[in-house]
Amino acid sequence: MTASAAGEAPESESGVSGWALMLRNVNKAFEGVQALEDVSFSVRIGEIHCLAGENGCGKSTLIKIVTGVYSPDSGTEIEVFGERHASITPAQARTLGISVIWQDLALFPHMTVAENIAFDESVGLIPKFFSQGSSYRRAEKALNRLRVDLDLSASLNSLPIAKRQIVAIARALHANAKLIFMDEPTSSLTQSETDNLLRIVKTLSTEGVSVVFVSHRLAEVIEISSRLTVLRNGRLVGVYDTSDMTQTRLGSLMTGQELVSEVSARDCSGNPPVLEIEGLSRSGEYSDVSLKVRSGEIVGVIGLIGAGRTELAHSLIGMTAPDSGSLRLNGRRISPRSVRDAISAGIAYVSEDRLTLGLIQQQSISANVVITVLSKILGLMGLISPKRQGSLVSKWIDELAIQIGHPDHAVSTLSGGNQQRVVLAKWLTTSPRLLILDSPTVGVDVGARAGIFRIARKLADEGIAILLISDEVHEVHYNSDRVLHMRNGRIVWEHDPASASLSQLEARVYA
Amino acid sequence: MRRLVTGYTVELRLLAVLLAMCVCLSILSEHFLTAGNLTALLNNNAVNLIWAVGLLVVLISGGIDISFAVAASVVQYVAVYCFGALGGGNWFFGFVVCGMLGIGLGLINAYLIHSFRIISIVVTIATFNAFFGLLMFFTSGRFIYNLPSWWVDRIFIFEHQAADGTWSELNLSVAVMAACVFATWVIIAGTNVGRQIYAFGDNPEGARRAGVNIAFMQAVAFGWMGLMAGIAGLMQVNIVKEVVPNALIGRELDVLAAVVLGGARLGGGKGSILGCILGVMFVAITQNGLNLLGVSPFAFQMIIGSVILIAISTSNLSLGDAFERLPLAAAFKRRTLRR
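Respectively, the protein sequence lines represent chains A and B. The numbers in the numbering used here rise by one with no breaks, and the one at position 226 of the first sequence is 1588. The numbers in the numbering used here rise by one with no breaks, and the one at position 169 of the second sequence is 1081.
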């Protein structure tokens, strides 16, 4: 399959083309850096289209050009619903019905659902009275179009992320959006929430609203969209039908490297066990969990959100106490009562919420790396020794090949993949025996994911036992030595990637 | 109805406490529930409430203002000179001059905050010092008693003689206060500008992306605060019949505490007129009650301080949460969890 005919814009000059958006020869340079070069991009009316590419490939620049945040360089042709524009202003984009739902949603947490949905009618400098009642009615209408039921008077901050997402979509509909860009809409949703969102997106499409999906999750990209446009380094790679697209192929197109998914499972049954759990239970979270992780072994724990996998991890690192059962590390019985206990016993936990819990975003990379081992780098008079800190930090930056400007730069300046490595470095300084990786690739580029698993494998080779928690079947199948399937708080199945296939595991998990 | 209850939790709770307090005070003191006491309560708090509604708008927009009380003093002094130049002036000129001066001072704050991207607390602490320093320098701390007669003459909007012959009355400042409260309510609860100010305070980046003109909203919020400060300054002279440079300094923190007590969020995006009124009345009635009960005035600040602290720290908690935060309860919970 080459860049198929589906992607080539027909040379219709009539204007009634059935195309919501057609961009040709989009160019944009920032201070000499070519962010987009001769990119074409088109979306049909009522189509669900996916815009794929790694961070920095130009996706956001493209969206910002369509919504008028940036104006494109000369030569660019923009056609919205058959009408030509040299460039678009934000106000024009709104009247044309182009709307973006950013990853952070840009909603107002202390307003009610209805106030959020109807907010855009308030925008403007000319003072006018507004009626709460009629904006409630209009908000209700937008929700009805999505066929969802939400309490209009609930305060937004009382809703889970998934419902806020729906509010953001309703808000776009209320503003008469006919072309909606969704930036990473599912990155913080559970599987069932994602399914629900995808159902809503399909509803939109049957209503004639075009949706452009930007997502890192290849599986859902392929599932939902009918066509996809792939960008790499500011250039168009191609436009493809999703009917015969696979995750592996899409990953290769995005990264430009042949990504091979190979089962990396090995037999570690001869190694001494590091973690032994016997009959561990905590009411309402998990029950009767028994498992072993051996030295040098990567054990995957797969389960949908709510299966109890993260809760189990929280007990292993002492955040919650199990009701019953026993925990052994290197043969010695432990019962960590706090995270500090767990760290000194040799357990490290890389949490799933890297952005808010794992790192102090505004602080420097070095400060983040050493925060778990401050007492080990003290020098004269009990003060932090810059020399010891520096050598520790540079050791791990080299070891994990973290790409940084300078160790003193803030963590927030790094990409997702590099941030994840900083979190790893922070925990590896504690010289753990057991490393728990909870959803390590959330928000990480396809290309960078492979790097993280390479690191995991290398650490395992050095004798660390690794528990890899994830809700992506693909990920655990290819990167673990054994996979445990958790459902409703229990381990229900052990999968051996070396002898059983990915689809067998998928069938069990999504059953 | 449910919308009312969930949307105004802090306000309803404050109202309940306030009513309970009023019942207790009217039992404990025979003077509390008299026309004389209640009208005095309103007269004495009119200026505070005018400031409070102005400050409410600033808090909703995500800012804070420390300089408004001093700004009111500046307005008073400059207004005295303006009225002299106008040949005496009258109430109409009074409102126009004081209102414009107040708006001007408010816009200085808005300009500094917006164009130099300095957070409002820093800007208004600076303008607080600058306004007061300039005022003291140019007036040399001089009091002014020689004021136009229209300004200092009492105007009653309500008079009543009780059976025992004592008079009770409401003066003009109460009517002005009512007008300011009403106008603020219309703006924040009934116009698109109000919605945009809430939105800006709640999520500035989200508001910017939605096309809200940030500079304009900032100017409206601080301009309105300035207008209220100017009008409060005007009315305060009518009550005390003198212009004193340091008469108002220090009252900004009382007003701020009262507004926050009424449910306005210091981070922006939340607050209501009802809560604002209740917050000011809560502080006023506490003070009034202590007075009537014969508590030493030296203990007032301490008691009011602790009452505000308790009210604010519990106002966002449910009763169960509040219990859990008590040190004893926490220790108890730890013991039970361990087993």
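The beta-carbon is built from N, C-alpha and C at its ideal position, and this holds for glycine as well.
Query, Result
"Residues of the stretch 1452-1470 of chain A with Cβ closer than 9 Å to any Cβ of chain B, in chain order", "P1452, A1453, R1456, V1462, W1464, D1466, L1467, A1468, L1469 and F1470"
"Inside the stretch 1049-1092 of chain B only - beta strand (DSSP E) runs reaching at least 3 residues", "1068-1073 and 1079-1083"
"Secondary structure of A/S1952, DSSP reduced to three states", "Lying before the first or after the last residue shown, residue 1952 of chain A is absent from chain A, which here runs from 1363 to 1873."
"Buried versus exposed call for A/H1578 [16 or more other C-beta atoms within 10 Å across all chains shown]", "buried"
"Close Cβ partners of A/V1732 (< 7 Å) along its chain, the five nearest in sequence each way excluded", "I1739, Q1751, L1754, V1755 and T1791"
"Cross-chain neighbours of A/D1545 in chain B, by beta carbon under 8 Å", "Near A/D1545 there are no residues of chain B at all, since even the closest Cβ is about 12 Å away, more than 8 Å."
"Environment of A/K1390 [buried if 16+ CB atoms lie within 10 Å]", "buried"
"Reduced DSSP secondary structure (H/G/I, E/B, other) of A/S1832", "strand"
"Residue-level contact to chain B via CB, A/S1861, 8 Å cutoff", "no"
"CA nearest to the CA of A/E1585, picked from A/V1563, A/S1572 and A/V1571", "A/V1563"
"Cβ neighbours of B/A1066 in the same chain (closer than 7 Å, five flanking residues each side left out)", "The amino acid occupying residue 1066 of chain B in the given sequence is Arg; Ala does not appear at that position. Counting only Cβ-Cβ distances below 7 Å, and skipping sequence neighbours, we find N1083."
"Nearest-angstrom beta carbon gap, B/S1032 and B/I972 [assumed within contact, 8 Å]", "Incorrect: roughly 13 Å between the Cβ atoms, too far for contact."
"Beta strand (DSSP E) runs wholly inside the stretch 1561-1630 of chain A, at least 3 long, in chain order", "1572-1576, 1589-1594 and 1597-1603"
"Three-state class that DSSP yields for A/W1464 in the structure shown", "coil"
"Close-in-space but distant-in-sequence residues of the same chain around A/A1860 (CB under 7 Å, 5 per side omitted)", "V1625 and A1627"
"Min CB distance A/D1807 to chain B below 8 Å", "no"
"Partner residues on chain A for B/A1095, Cβ-Cβ distance less than 8 Å", "Near B/A1095 there are no residues of chain A at all, since even the closest Cβ is about 12 Å away, more than 8 Å."
"Inter-residue CB distance, A/S1688 and A/Q1723 (contact presumed, cutoff 8 Å)", "Contact flag wrong, Cβ pair sits at about 38 Å."
"Any non-hydrogen atom of the ligand GDP closer than 7 Å to A/G1662 Cβ", "Inclusion of the ligand GDP in the displayed structure is not the case, the ligand content being empty and no account of it being possible."
"Proximity test, Cβ basis, 8 Å: A/L1521 and chain B", "no"
"Local conformation of A/T1423 per DSSP, three classes", "helix"
"According to DSSP, residues forming a beta bridge with A/P1635", "A/R1656"
"C-beta atoms of A/F1470 and B/D1114 nearer than 8 Å", "yes"
"Chain-ordered neighbours of A/D1482 on chain B, where CB pairs are closer than 9 Å", "A1122 and G1123"
"Given A/R1594 as reference, the closest of A/L1829, A/N1850, A/F1392 and A/S1402 once Cα atoms are compared", "A/S1402"
"Where the stretch 1490-1504 of chain A meets chain B: residues whose CB sits under 7 Å from a CB there", "K1490, F1491 and F1492"
"Unbroken beta strand (DSSP E) run spanning A/D1823, endpoints", "Counting along the chain, A/D1823 falls outside any beta strand (DSSP E), though it belongs to the alpha helix (DSSP H) covering V1808 to D1823."
"Rounded distance between the beta-carbons of A/K1421 and A/G1415, thought under 8 Å", "5 Å"
"CB of A/S1572 within 8 Å of CB of A/L1541, strictly", "yes"
"C-beta contact flag for B/G1138 and B/G1016 at 8 Å", "yes"
"Alpha-carbon to alpha-carbon, B/C1092 and B/F1055", "28 Å"
"Beta-bridge partners of A/R1852, as assigned by DSSP", "A/R1849"
"A/E1640 to A/D1650 span [Cα, whole Å]", "8 Å"
"Within chain B, partners of A/L1487 - CB distance below 8 Å", "N1125 and F1128"
"Within chain B, partners of A/M1473 - CB distance below 8 Å", "Y1110, A1111, D1114 and G1181"
"C-beta atoms of B/F1112 and B/I1099 nearer than 8 Å", "no"
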